Every structure is written in C-alpha cells, then in structure tokens.
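Heads up, the thing below is written out as structure tokens.
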Amino acid sequence: MKKVWLTLFLMAPILTVLALIGFIFVSLADPPEKQEPVGAGGGQSAGANYLGEWLAERRERGEREEAGLAAEMREAERAYQDERDGPDNASDNTSDNASSMVRPESLEQGFIIVVRDRSDMSSGDRPVYLASNHTGWNASAQMMSPRSDMRWQLVLPKPSNREPLEFKFTLGSWNSVETTPEGADTDNRTLPMIDPSRLSPGEVPVFEFEVSTFRESAGAEADVSLRLNTYRPLEVTGTVRRMQVSGGAGGAAGMVRDALIWLPPGYEDESNAGRRYPVLYMMDGQHVFERQPGVPGEFGADESATRLIEAGEIEPIIIVAIPHAERFRIDEYLPFGELGGSQGRGGDYVEWLRREVMPRVERAFRIKTGPEHTAIGGASLGGTIAIYAATKHPSVFGKVIAESLPLLSLEDQWRHWANGVTTWPREIFFGMGDTETGAGEADRNRRYVRAVRELEEKIRDMGSDRVRTKLVIGEGHTHNEPAWEARLPEALRFLFPAE
Numbered sequence: 058m059k060k061v062w063l064t065l066f067l068m069a070p071i072l073t074v075l076a077l078i079g080f081i082f083v084s085l086a087d088p089p090e091k092q093e094p095v096g097a098g099g100g101q102s103a104g105a106n107y108l109g110e111w112l113a114e115r116r117e118r119g120e121r122e123e124a125g126l127a128a129e130m131r132e133a134e135r136a137y138q139d140e141r142d143g144p145d146n147a148s149d150n151t152s153d154n155a156s157s158m159v160r161p162e163s164l165e166q167g168f169i170i171v172v173r174d175r176s177d178m179s180s181g182d183r184p185v186y187l188a189s190n191h192t193g194w195n196a197s198a199q200m201m202s203p204r205s206d207m208r209w210q211l212v213l214p215k216p217s218n219r220e221p222l223e224f225k226f227t228l229g230s231w232n233s234v235e236t237t238p239e240g241a242d243t244d245n246r247t248l249p250m251i252d253p254s255r256l257s258p259g260e261v262p263v264f265e266f267e268v269s270t271f272r273e274s275a276g277a278e279a280d281v282s283l284r285l286n287t288y289r290p291l292e293v294t295g296t297v298r299r300m301q302v303s304g305g306a307g308g309a310a311g312m313v314r315d316a317l318i319w320l321p322p323g324y325e326d327e328s329n330a331g332r333r334y335p336v337l338y339m340m341d342g343q344h345v346f347e348r349q350p351g352v353p354g355e356f357g358a359d360e361s362a363t364r365l366i367e368a369g370e371i372e373p374i375i376i377v378a379i380p381h382a383e384r385f386r387i388d389e390y391l392p393f394g395e396l397g398g399s400q401g402r403g404g405d406y407v408e409w410l411r412r413e414v415m416p417r418v419e420r421a422f423r424i425k426t427g428p429e430h431t432a433i434g435g436a437s438l439g440g441t442i443a444i445y446a447a448t449k450h451p452s453v454f455g456k457v458i459a460e461s462l463p464l465l466s467l468e469d470q471w472r473h474w475a476n477g478v479t480t481w482p483r484e485i486f487f488g489m490g491d492t493e494t495g496a497g498e499a500d501r502n503r504r505y506v507r508a509v510r511e512l513e514e515k516i517r518d519m520g521s522d523r524v525r526t527k528l529v530i531g532e533g534h535t536h537n538e539p540a541w542e543a544r545l546p547e548a549l550r551f552l553f554p555a556e
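Numbering-wise (my numbering), the sequence shown opens with residue 58 and increments by one.
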C-alpha cells in the first residue's frame, strides 16, 4: 500500500502538467468570445481603472454630468469601432451629412467642453476658467472641474444666448489668459459644427481643446475684474482723463469704476477756454481707446476722432468711455428679458447713467447739453442699451450709434420693444457686418442683415420726418472690435459733421 501512495505522490506533478496541457489545447480549439474594450484606453487596465474612477466621481455630480460621461464613452466606443472596421467602413461626416450640420449651441441637451493644460500651470488652487461672450467676457465667470486624466471639464446646458459661443481659457484673470507658446494672444475659440444624426438620443457631445500655456505677469492672480488700474499709463492718442464713478445696476450697484474722458485736440488751449463741445457716451469703455488682453481689437475712437477732427471732417467732440461691469455686464446692458442667467436691469443702468455719471461729466468738462449735442453708442449689448436709453429719454440722447445689435436674440422682446416705441432719437447710425456670426453661417448672417434693415424701415414707416438714419453693412465684417473700429468713422461723420 505504501508503494502505491509513493507512486501516486511521484506522478502528481506529471498529471498536473498533463491537465494544464489539455486545458490549453481545449482553449485554443474553442476560445472564449473576445470582449470589446470600452472607452478611452479600452483593453488596458489603466483605461478601465480611469473610466471606473471617472464614473464614480461623476455619479456624485448629478444627472447632467452623467450624461456628459455617457456621451464621451459613446464617442470613444464609436471611434474604436471606426478604427476596427477600417477606413473603408468608418462613418463619414463630410459628404451626405454636410447639409445637416448644426451649431452645438442649438442642441437641447447642451454640450461639454474639455481642455488639457499642456503647461501644467493650473492646479486645484488655481483652476481653469472659461471666459466667453455669453458671460460678458468675465475672466472668472465659469470655473471648470478637474478630471482624473489631468484635464478640465465644463458641462454647459443649452445657452439662452443665441449667439455662437466664443471663448478663451484663463486662470481666473485676463492677466493669466491662454497664449501661444511664444506668448502671443490667441484668437477667440469657437465650437465646430456637429451632425446631430451621429448622436444617440439625449447624448451630450464633448469638445476637447488644448492650451499651450497661460500668460504670467506680476499680479496675475489679483482681482482686476471690477475696475481699471488707476495707475496704469493709458496707451491712447490725445488726452484722456480718468473719473471715478460709483454704482451701477443689478449686481454692479456697489462697484467703483473709472470712466475715461477723451478730450479733443485744442481743448486745453487758452483760445478755446470758453468753448463747449458735444459729447458721445460709449459703452464697453475698456475697449473704446485701448485693446485689452484676450480681445481681438478696440474701437480706436481716439485715433479716428483725432484724424477726422484734424482733417476738418467732424466737429471737435468729447468722448466718455464707461467701462462695463465685467460679470454684471448683461445685468446692466439688457433692458428686457433674461439672457445667460441674468435678468435685465438696463432701465436701472440708464437711470444711473443719467443721474450719476452725466452730471459729474458736465460739471467737470465743458459739455454742450441737450439732445442735439448728446450721443450714446455701443456694440452688441452695448448698442442695445444705447438705443434703449435714447428711446426712453429722447430729450436727453438725440444721437445713437447702434452697432451689431443682437436682434436674433430675444426676438420676441425686441419686437415688443420696437412696437412700443413712440419717440425715436433724432439721428441713429446702424452698423452690421454681413458675416456677423462667421463665414459658415450664411443663413443666419442674412437674417441679421434683414433684421436691421427691417428695424430701420420700421422707424421710417412711423412717419417721423425728423428722424435721420444711416445703415452701413460692412463687407466681410464679423461681430468684433476690428469691424466696429472700421465703421466708426462713418458713424462720427454722420452724427457730428463739421460745421
């Protein structure tokens, strides 16, 4: 019996090896069905762990962010499927579906923006922010959330603002806005067109971007969003005075800002000591005389006015540039309705302008008063509040510059407002680009031009012979400062012709 047990003991390793060989042979003959990898990094434990960690994190953040996670996972699966099928069978977006492409801003489910910071300058203590035209270009309006894959993410619902989203990434200040690797300013970013037929029902599209680096300068982390630097030298043509003004409307009611007052050539000459000048109040004062970081240009009002005055094409004028209130810009410039989560307080802003700003300017400088000498102007929402103020108080503001009015946003409110106007200002300059929303939006661009033409015609049809209007459609002009700068000389010639 002992010999039998000894024999079995000695043969056990051999039997084990034979069993393993048999198992391997069976496996090769009938392999298990291959499980397709899921998500980014599929087929690798690192990718699976990343998705698991991400799912656990996002589940705590609510249904919208879960939808965003699902969207990105589906996109990753689709990309994997296309790669596996090969280029001949991969989905094609470039031909049959070209006509069905839409802007992501129009999708009911919203969208997700993801950015990778190549510079590693961002951190938990210094997060990445999205600054956009939908939030008045506030550098710290929308903080992005960190992800476990070293990226930053922002889940956005469908915007109430119908304008195409333009944006930049910052570290909370325009002193720390994204730049090129060489430190130069970047163009405004936009979202690419998308084919909704490629999305599953309710799927939230994900758009990924990269930042090379962010600007670093002294005081980059300082809060510079609510007032201009009092001691910073201004880069302007001519003479500009600062005037500190308090108050505003909505969330800006308690703020302090510096109005910039540009004086015409010869203002301080003794020979003109008794002379008074007409005045133009301009909205978005940060961009009237200077180009600010993160913005593609300026109005160039100081250069244009100087050139036209010295050439004898317009009479000398004083220009008052009133800075917007950064994150409260929409509050102040929207006279009706709700936009981007902000309730319009434009009426309060106009009252603040009339009762606080204008009296101080008139006391400090030699201003001609009366509607025939007083103009108000701006672009986009700045133009909106300008024309609203002039129709609300035509006995105060007799001249208007209304550039690039966002007439396709809040269309019903615009129509209701226009139908209710009984008295228009004496002179109105309208400006609009023929490519306001970019070259890829031909139909929407035509609608903008048609809308401003209809508004001008409506004013004429009211039978008021005393109202003069001028409409300039800028060829190739988009919705930005360089376009408004290009049209400003025509506006000044129309409103302030040389005597």
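Each residue gets a CB set at the ideal place from its N, CA and C atoms; glycine is no exception. Here the structure is a predicted model, which is why all the values come from computation and not from measurement.
So the candidates are the options; which of them puts its Cα closest to the Cα of residue i?
i, options, result
"residue 339", "357, 267, 324", "357"
"residue 391", "445, 343, 292", "445"
"residue 270", "487, 234, 404", "234"
"residue 312", "225, 380, 522, 447", "380"
"residue 253", "218, 267, 164, 209", "164"
"residue 218", "265, 231, 162", "162"
"residue 549", "533, 528, 333", "528"
"residue 325", "343, 342, 305, 297", "297"
"residue 404", "469, 474, 360, 458", "474"
"residue 432", "267, 451, 533", "451"
"residue 268", "246, 336, 485, 393", "246"
"residue 189", "182, 213, 157, 485", "213"
"residue 216", "167, 515, 436", "167"
"residue 486", "409, 337, 182, 503", "337"
"residue 471", "442, 488, 489, 408", "442"
Under DSSP, the beta strand (DSSP E) around residue i begins and ends at which residues?
i, result
"residue 212", "208–213"
"residue 528", "525–531"
"residue 332", "Element bounds for residue 332: n/a, residue is neither H nor E."
"residue 303", "296–303"
"residue 316", "313–320"
"residue 268", "263–268"
Please classify residue i: is it buried, with 16 or more other beta-carbons within 10 angstroms of its beta-carbon, or exposed?
i, result
"residue 149", "Note that residue 149 scores a pLDDT of 46, beneath 50, so its modelled location is shaky; the value from the coordinates is reported in the next line. Flag for residue 149 reads exposed."
"residue 323", "exposed"
"residue 328", "exposed"
"residue 476", "exposed"
"residue 272", "buried"
"residue 456", "buried"
"residue 555", "exposed"
"residue 383", "buried"
"residue 330", "exposed"
"residue 159", "exposed"
"residue 544", "buried"
"residue 276", "Confidence at residue 276 is low in this model, with a pLDDT of 44, below 50, so the placement of that residue should be treated as unreliable; the coordinate-derived value is given next. Residue 276 is exposed by the Cβ-count criterion."
"residue 542", "buried"
"residue 347", "buried"
"residue 180", "exposed"
"residue 174", "buried"
"residue 301", "exposed"
"residue 359", "buried"
"residue 341", "buried"
"residue 200", "exposed"
"residue 437", "buried"
Start and end of the alpha helix (DSSP H) containing residue i?
i, result
"residue 186", "That residue, residue 186, is in no alpha helix (DSSP H); its beta strand (DSSP E) goes 186–189."
"residue 166", "Careful: residue 166 lies outside any alpha helix (DSSP H) and carries neither H nor E."
"residue 540", "538–552"
"residue 374", "Neither: residue 374 is in no alpha helix (DSSP H) and is coded neither H nor E."
"residue 386", "386–390"
"residue 478", "Careful: residue 478 lies outside any alpha helix (DSSP H) and carries neither H nor E."
"residue 559", "Residue coverage of the chain in this structure runs from 58 to 556, which leaves residue 559 outside it and unanswerable."
"residue 556", "First-last for residue 556: undefined, no H or E at that position."
"residue 404", "403–409"
"residue 535", "Here residue 535 belongs to no alpha helix (DSSP H), and DSSP marks it neither H nor E."
"residue 597", "The chain is shown only over 58 to 556; residue 597 falls outside these bounds and no answer can be derived."
Taking contact to mean at least 3 C-beta pairs separated by less than 8 Å, is the stretch 191–206 in contact with the stretch 238–247? Flag = no, the stretch 191–206 and the stretch 238–247 do not touch.
Of all the alpha helix (DSSP H) runs that stay within the bounds of the stretch 413–466, which reach a length of 4 or more residues? 415–421, 438–449, all fully within the stretch 413–466.
Could you name each continuous beta strand (DSSP E) segment of 3 residues or more that falls completely within the stretch 192–251, going from the start of the chain to the end? 208–213, 223–227, all fully within the stretch 192–251.
Starting from the N-terminal side, write out each stretch of the alpha helix (DSSP H) that is 4 residues or longer and does not extend beyond the stretch 482–529. Here the runs fully enclosed are 499–518.
For the structure I just gave you, are there three or more beta carbon pairs, one from the stretch 302–320 and one from the stretch 368–381, closer than 8 Å? As far as the Cβ criterion goes, the stretch 302–320 touches the stretch 368–381, which means the pair count is three or higher.
When you compare the stretch 455–465 with the stretch 363–370, are there three or more beta-carbon pairs, one atom per stretch, that lie closer than 8 Å? Judged by Cβ distances under 8 Å, the stretch 455–465 makes no contact with the stretch 363–370, as fewer than three pairs qualify.
The stretch 492–507 touching the stretch 416–424, judged by at least three CB pairs closer than 8 Å: Using a Cβ-Cβ distance cut-off of 8 Å, the stretch 492–507 and the stretch 416–424 are not in contact, since fewer than three pairs of beta carbons, one from each stretch, lie closer than that value.
Kindly confirm or deny that the stretch 475–493 and the stretch 435–449 touch, where touching means at least three C-beta pairs closer than 8 Å. Yes, the stretch 475–493 is in contact with the stretch 435–449.
Three or more C-beta pairs under 8 Å: does that hold for the stretch 409–416 against the stretch 220–228? The stretch 409–416 is not in contact with the stretch 220–228.
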